[in-house]
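What follows is a single structure, written as structure tokens, with notes after it.
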Amino acid sequence: MDQFIVSARKYRPSTFDSVVGQKHITTTLQNALKNHQLAQAFLFCGPRGVGKTTCARILAKTINCMAGPDRTEPCNACDSCDSFNKGQSFNIIELDAASNNSVDDIRELVEQVRFAPQLGKYRVFIIDEVHMLSSSAFNAFLKTLEEPPAHAIFILATTEKHKIIPTILSRCQIFDFYRIRVQDIAEHLAYIAKLEKVEAEPDALHIIAHKADGGLRDACSMFDQIVSFSGGKITYQSVIDNLNILDYDYYFGLVNGFLKNDISAGFLTLDDILARGFDGLNFLSGLATHFRNLVVARNPATVGLIETGESIRDKYQEQAKRCTAMFIFQSLKLLSEGEVQYKQSKNPRLVVELTLMKLSLLQKENRDEKKNDISEGIPPKAKPIQVPSGETVQAQSSVEEPRPVELEKKTVVTDTTTKSGSQEAKSYAQPAPALASAPLSAAKPSMPRISTLLSKSEKQDKTEDPGAEVSLLNKPGNDPFTEDMLREKWAELARQWKVEKGEFVYSTLVTGELSLGEDNTIQFLVNNASQTEMMNGLITEMAEWLRKILNNQSIILRFGLIRAEEAREKKAYTSKEKFEKMAQMNPNIQLLKQRLDLDIL
912 MDQFIVSARK YRPSTFDSVV GQKHITTTLQ NALKNHQLAQ AFLFCGPRGV
962 GKTTCARILA KTINCMAGPD RTEPCNACDS CDSFNKGQSF NIIELDAASN
1012 NSVDDIRELV EQVRFAPQLG KYRVFIIDEV HMLSSSAFNA FLKTLEEPPA
1062 HAIFILATTE KHKIIPTILS RCQIFDFYRI RVQDIAEHLA YIAKLEKVEA
1112 EPDALHIIAH KADGGLRDAC SMFDQIVSFS GGKITYQSVI DNLNILDYDY
1162 YFGLVNGFLK NDISAGFLTL DDILARGFDG LNFLSGLATH FRNLVVARNP
1212 ATVGLIETGE SIRDKYQEQA KRCTAMFIFQ SLKLLSEGEV QYKQSKNPRL
1262 VVELTLMKLS LLQKENRDEK KNDISEGIPP KAKPIQVPSG ETVQAQSSVE
1312 EPRPVELEKK TVVTDTTTKS GSQEAKSYAQ PAPALASAPL SAAKPSMPRI
1362 STLLSKSEKQ DKTEDPGAEV SLLNKPGNDP FTEDMLREKW AELARQWKVE
1412 KGEFVYSTLV TGELSLGEDN TIQFLVNNAS QTEMMNGLIT EMAEWLRKIL
1462 NNQSIILRFG LIRAEEAREK KAYTSKEKFE KMAQMNPNIQ LLKQRLDLDI
1512 L
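All letters in the sequence shown, in the order written, are residues 912 to 1512 by this note's numbering.
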């Protein structure tokens, strides 16, 4: 039986032009050879299987090639190239630092550096996995690396540049190798398949290239494995089966089920995937990548970023047309949250199933939301509304963000009614300007609902502190409530939001001033501008929560800053003032200070 040579060795590049995916490296080295500007030491670093040792060998051969002084490629025909190809060259020495990493090994190498080359001009020393050298070995190598003999050139290769001491790095020209692109690996595999007379589907080669994660050597190893498995014919299905990779069809089928709100299909697909031995976290990650590809496929300018075969890329484009941008964005957000929860959960499968349920209900929620918006009477375009004052107000299709208004002034709100074909204006005194009604669903601020637009507020007094207000029209049948009931529910909201929104929100709610005025008007004063900015984002949600928990839709919530003089009265106590206050409440504290001879700092 003939000896089998793996593809990674059999089709190893022998010239710079045949190196795959490292054009920036090969071009630089060729120019250095052409201009006779070779450094005394090179450091090749990058991931495994991307061509570091291969480029080192090609450079070593080209340096000693006897075909001509200005060559930028080895001829592979002269005595020097031929001896190296046969493994008989005395001018090119390779050392594996992983197994020869002691001081004695480096001293032996330094001894060899003194000898002149037998054939050619240079002796080239290739040290692979150089980061494995011990600190003592590195230090023993420093002087020789900095000032080697004129006939010595060192080429170091490593996958972990950060482990090499800076004094070594400063003595080398550093070349960073890239991960090889999926398309480049697939094209190289197709070239090997053609020479080996192996039938290979393009999609199958792309799967292998993607699985290789930028390493051409890994891709060649998987190629040989699939050839043995499939009997000389590489198909998409044979690659999926042999490499245990999730088929793209799983993800396409899942997304189709999400668009149809089919929860059961997602559960059945997940059960099949887990039964095949796949990890739930990898499944969520793969599904997130699928949605990322759908985003890319929506734009013809970016569709080339999908690293798959042409037929699968077409599937992405077709499915992307049926998915809205909001659906894809919400799905990616849910999957990101699911990955975080999966790592922390004691029942990870339930986390995956809950995520699939949420994804299956996204489209239904979006459709229901649109229906509710229509039922609430949101106009598609702005329409003028005539008010008795003679002013024309444009009804907007969305509610503006709450804006600061003054807290203590009076504003007239006009209620327009129809009587005998004409309109009569009735004026009511209100403690604050009424804005458009707040969204009924605080969880979806991007889709607000407007039931009525009232007249705009009076001109603001610039001397007053800023505040904001969210209001609803008064409705009959609202339950009355007292200030004690309000404070009880306010404390409940603070405790709930401490867990959901953090300590800053909690401290704002418990340190501010809360009061209940006439006509169910709730006023809340905060202490500083940071709290004001935070309240701007939460006032709508807070107002809705209070209306719901107190069963009163006429509640008006306003907030503002405490007056400057009031803030000064509430300034923070010094340590001495705190001690005196505590001593008044408990005289034993003063006694304790005297006995222990303590000082108040």
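C-beta atoms are modelled at their ideal positions from N, C-alpha and C, and glycine is treated no differently.
Computed from a predicted structure; not experimentally measured.
Could you tell me the boundaries of the beta strand (DSSP E) in which residue i lies?
{"i": "Glu-1394", "result": "No beta strand (DSSP E) contains Glu-1394, which is instead part of the alpha helix (DSSP H) from 1394–1412."}
{"i": "Ile-1467", "result": "1467–1472"}
{"i": "Arg-1034", "result": "1034–1039"}
Is residue i helix, strand or coil when you go by DSSP?
{"i": "Lys-1459", "result": "helix"}
{"i": "Ala-1008", "result": "coil"}
{"i": "Asp-1182", "result": "helix"}
{"i": "Gln-1434", "result": "strand"}
{"i": "Ala-1027", "result": "coil"}
{"i": "Lys-1054", "result": "helix"}
{"i": "Ser-1426", "result": "strand"}
{"i": "Ala-1120", "result": "helix"}
{"i": "Ala-943", "result": "helix"}
{"i": "Glu-1335", "result": "Model confidence at Glu-1335 stands at a pLDDT of 37, short of 50, so the residue's coordinates are unreliable; what they give is reported in the following sentence. Strand, per DSSP."}
{"i": "Phe-915", "result": "coil"}
{"i": "Leu-1509", "result": "coil"}
{"i": "Lys-1292", "result": "Confidence at Lys-1292 is low in this model, with a pLDDT of 42, below 50, so the placement of that residue should be treated as unreliable; the coordinate-derived value is given next. Correct three-state label for Lys-1292: coil."}
{"i": "Leu-954", "result": "strand"}
{"i": "Lys-1269", "result": "helix"}
{"i": "Val-1316", "result": "Residue placement at Val-1316 cannot be trusted, given a pLDDT of 40 that sits under 50; what the coordinates show is reported in the next sentence. Val-1316: coil per DSSP, three-state reduction."}
{"i": "Lys-1504", "result": "helix"}
{"i": "Ala-934", "result": "Reading off the sequence, residue 934 comes out as Lys, not Ala. It is helical."}
{"i": "Lys-1275", "result": "helix"}
{"i": "Lys-1144", "result": "strand"}
Can you find the residues in the same chain that come closer than 7 Å, C-beta to C-beta, to residue i, ignoring five residues on each side of it along the sequence?
{"i": "Val-1206", "result": "Ile-1239"}
{"i": "Leu-1030", "result": "Asp-990, Ser-991, Asn-1002"}
{"i": "Glu-1112", "result": "Ile-1145, Thr-1146, Tyr-1147"}
{"i": "Lys-1330", "result": "Low confidence applies here, because Lys-1330 scores a pLDDT of 36, under 50, leaving its location unreliable; read the following figure in that light. Cβ within range, chain order: n/a, list empty."}
{"i": "Ala-1008", "result": "Ile-1038, Asp-1039, Glu-1040, Val-1041, Met-1043, Leu-1044"}
{"i": "Ile-1511", "result": "Ser-1486, Lys-1487, Phe-1490"}
{"i": "Cys-1513", "result": "There is simply no residue 1513 to check, as the chain begins at 912 and stops at 1512 in what is shown."}
{"i": "Gln-1505", "result": "none"}
{"i": "Leu-1507", "result": "none"}
{"i": "Ser-918", "result": "Ile-1103, Cys-1131, Phe-1134, Asp-1135"}
Contact check, residue i vs residue j under 8 Å by CB: the rounded distance?
{"i": "Ser-1271", "j": "Phe-1392", "result": "So it is not a contact: roughly 40 Å between Cβ atoms."}
{"i": "Gly-1143", "j": "Ile-1091", "result": "Their Cβ separation, rounded to whole angstroms, is 25 Å, which puts Gly-1143 and Ile-1091 out of contact at 8 Å."}
{"i": "Leu-949", "j": "Ile-1064", "result": "7 Å"}
{"i": "Phe-1415", "j": "Val-1437", "result": "11 Å between Cβ atoms; not a contact."}
{"i": "Leu-1420", "j": "Ala-1405", "result": "4 Å"}
{"i": "Leu-1053", "j": "Ala-952", "result": "The pair is not a contact, with the Cβ atoms about 11 Å apart (cut-off 8 Å)."}
{"i": "Glu-1250", "j": "Leu-1195", "result": "5 Å"}
{"i": "Gln-1178", "j": "Lys-1226", "result": "Before going further, note that residue 1178 is Phe rather than Gln in the sequence given. Between Lys-1226 and Phe-1178 the Cβ distance is about 23 Å, and since that is not below 8 Å, they are no contact."}
{"i": "Ala-967", "j": "Ile-1066", "result": "4 Å"}
{"i": "His-1073", "j": "Pro-1028", "result": "Wrong, their Cβ atoms sit about 34 Å apart, outside the cutoff."}
{"i": "Leu-1088", "j": "Phe-955", "result": "The question names Leu, but residue 1088 is Phe in the sequence shown. Rounded, the Cβ-Cβ distance is 6 Å, consistent with contact."}
What are the start and end residues of the alpha helix (DSSP H) that includes residue i?
{"i": "Ile-1239", "result": "1236–1255"}
{"i": "Ile-1151", "result": "1147–1154"}
{"i": "Ser-1169", "result": "For clarity, residue 1169 is Phe in the given sequence; the question names Ser instead. Where Phe-1169 is concerned, the enclosing alpha helix (DSSP H) stretches over 1159–1170."}
{"i": "Glu-1488", "result": "1486–1496"}
{"i": "Phe-927", "result": "Unbroken run through Phe-927: none, as it is neither H nor E."}
{"i": "Glu-1218", "result": "Element bounds for Glu-1218: n/a, residue is neither H nor E."}
{"i": "Phe-1189", "result": "Element bounds for Phe-1189: n/a, residue is neither H nor E."}
{"i": "Ile-1137", "result": "1127–1141"}
Tell me, please, whether the CB atom of residue i is closer than 8 Å to any CB atom in chain D?
{"i": "Lys-921", "result": "The structure shown contains no chain D; it is built from a single protein chain."}
Between residue i and the rest of its own chain, which residues show a CB-CB distance below 6 Å, the 5 nearest in sequence each way excluded?
{"i": "Phe-995", "result": "Lys-972, Ile-1003"}
{"i": "Thr-937", "result": "Phe-927, Val-930"}
{"i": "Ala-1494", "result": "Ile-1500, Gln-1501"}
{"i": "Leu-1503", "result": "none"}
{"i": "Leu-1192", "result": "Tyr-1253"}
{"i": "Gln-1442", "result": "Thr-1419"}
{"i": "Glu-1424", "result": "Leu-1436"}
{"i": "Val-1093", "result": "Ala-1120, His-1121, Glu-1218"}
{"i": "Glu-1394", "result": "Leu-1427"}
{"i": "Ile-1151", "result": "Asp-1158"}
{"i": "Leu-1397", "result": "Leu-1427"}
Could I get the ranges of all uninterrupted alpha helix (DSSP H) runs contained in the stretch 1056–1114, with 4 residues as the minimum, in chain order? 1077–1080, 1093–1106
Could I get the ranges of all uninterrupted beta strand (DSSP E) runs contained in the stretch 956–1007, with 3 residues as the minimum, in chain order? 1003–1007
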